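Numbering-wise (my numbering), the sequence shown opens with residue -15 and increments by one. Backbone N, C-alpha and C define an ideal beta-carbon position, used for all residues, glycine too. On a predicted model such as this, the values are computed, not experimentally measured, just so you know. See structure below.
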Amino acid sequence: MNLLWLTENYPPQRGGMAQSCDRIVDQLRKSGYTINVLHFAGHGTPFKLTQQLNGWYASVPFDESESHTLNLAWEFVRHKTVSAIVCFGGYLPVLAAPVFSKWMAVPLLTMIRGNDFDSAIFTPRRRDIMRDALEASQVVCVVSGDKADKIRKLYPAVNVQFVPNGIDVAQWRPSPSEITFAENWRMVNVGTRICIGLFGQLKPKKGVQFLFDSLRQSTLLHQLHFLLIGEFTEEVVAMLKSEELSVTSISFLDRYELMKYYLCCDAVAIPSFYDGMPNVLLEAGALAIPVVASDVDGMKDVIQDRENGILFAPGDASSCRKAFFDFANSAAGERRRLGTVLQSTINEKYNVQHETDRYEQLLQKLLAGDRTAVRLHAQ
């Protein structure tokens, strides 16, 4: 099975989507699939072809013209042996994948991540492009039950499958030195406060400004220290200068550098207005760190309120304040219990093997339904 994998998000890029793409490709390659990654990289990135284990990687620079970029990409892949195409979200892959799959006469599996759907559905031009890709796909995979429901209602004929993100829990076991780092960091930076972490690409949809505006209207701020790690908007940068907040901010770190900082936190906050299934949710859970999150998308798939985390209504300041008030004023043992139960949930239902098995099942069905798909397109 030779899969042509189209993506805009892949290492060395950072961020949750690149991390997820790398994880899924790596696991499928380990399962025996040959995956050839065509990565539409940023402006100025030179074309580069690298042979990897069970496939190759090609970075394709994104020219100012979509048509020029995709015509060049087509000329590069048209002579390759391909069994099926996988479209891993993003603008250029979603634009190219349905065309390439028709020209190659191979099936298409499209993976719609949270941001793909949210940004496209209310942008007229992008909505049409996304619809074309969905309707051309034999299978469409989404990472939250909410996204699956929305797509089914809009496009009833599309075969939508909910495949949640997974995490390799074996790689999220802290070392003694990481535990010691966290203990020392807390003594210096947190003291008797409760430490709340916010990690990742903190874009406007992530609700960071909303969270702080909500908590400013409570008596909680003096009880809390905030640890922000990632990429910040100008709005968040300005907010961090406020003397009201006890806060530490750190620029983007590799996900394994993050482990010791997760351990500094009493809870991780995910106050998103809308989302997919953030890797932060699974990473915190794998480390038994409780999560206080908005009741949307992947958060409500994973978290049962007050059982393995705390949920609040998205964009509702009163509900947000109550969630954090209840967490901050609960006993330390109860906070630890929430984290422990969340860890069990992640281990049992959201581990990387479950994710890989599900994609393998879908790929096998996809290819079994089109036995003439494997062909050399140069013929």
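Item: Quick one, which of T94, P82, G39 and L56 has its alpha-carbon nearest L347's?; Value: T94
Item: Check the C-beta distance from F309 over to R319 and give it rounded, since I have them as a contact under 8 Å.; Value: 13 Å between Cβ atoms; not a contact.
Item: Just confirm the distance between the C-beta atoms of R305 and Q201, as a whole number of angstroms; I'd bet it's less than 8 Å.; Value: 7 Å
Item: Please report the distance separating the alpha-carbon of E167 from that of R177.; Value: 13 Å
Item: Taking the runs of the alpha helix (DSSP H) that are 4 residues or longer, which of them lie wholly in the segment 155 to 194?; Value: 160 to 173
Item: Out of A104, G39 and G299, state which residue places its alpha-carbon closest to the alpha-carbon of F257.; Value: G299
Item: According to DSSP, simplified to helix, strand and coil, what is Q288?; Value: coil
Item: With DSSP collapsed to three states, give me the class of Q35.; Value: strand
Item: Measure from the alpha carbon of L(-10) to the alpha carbon of each residue in D285, N20, F165 and Y334, then state which is nearest.; Value: N20
Item: State the Cα-Cα distance for the pair I113 and G74, rounded to the nearest angstrom.; Value: 11 Å
Item: Within 8 Å, do at least three Cβ pairs link the segment 206 to 213 to the segment 238 to 252?; Value: yes
Item: If you run the structure through DSSP and keep just helix, strand and coil, what is C125?; Value: strand
Item: Mapping DSSP to helix, strand and coil, what is T356?; Value: Because T356 carries a pLDDT of 42, less than 50, the predicted location of this residue cannot be relied on, and the following value inherits that uncertainty. Coil, per DSSP.
Item: From K284 to S328, what does the alpha carbon distance come to, in whole angstroms?; Value: 16 Å
Item: With a threshold of 6 Å on Cβ separation, who are the neighbours of T53 within its own chain once the five nearest residues in sequence on each side are excluded?; Value: F46 and D47
Item: So what does DSSP say about Q(-3), is it helix, strand or coil?; Value: coil
Item: Taking DSSP as the reference, what is the three-state secondary structure of S302?; Value: helix
Item: Taking 6 Å as the limit between beta carbons, can you name the residues of its chain near C125, skipping five residues before and five after?; Value: M95, Q145 and V147
Item: Based on DSSP bridge pairs, tell me the residues matched to G293.; Value: D289
Item: With 16 as the cutoff for other CB atoms within 10 Å, does M261 come out buried or exposed?; Value: buried
Item: Could you compute how far the alpha carbon of T217 sits from the alpha carbon of A352?; Value: 46 Å
Item: Rounded to the nearest angstrom, how far is the Cβ of D259 from that of V280, given a contact under 8 Å?; Value: 6 Å
Item: Mapping DSSP to helix, strand and coil, what is N(-14)?; Value: strand
Item: How would you write the range of the alpha helix (DSSP H) that H52 sits in, first residue to last?; Value: E50 to V61
Item: Within a Cβ cutoff of 6 Å, which residues of the same chain sit near V66, ignoring the five residues on either side of it in sequence?; Value: N(-14), L(-12), M88 and V90
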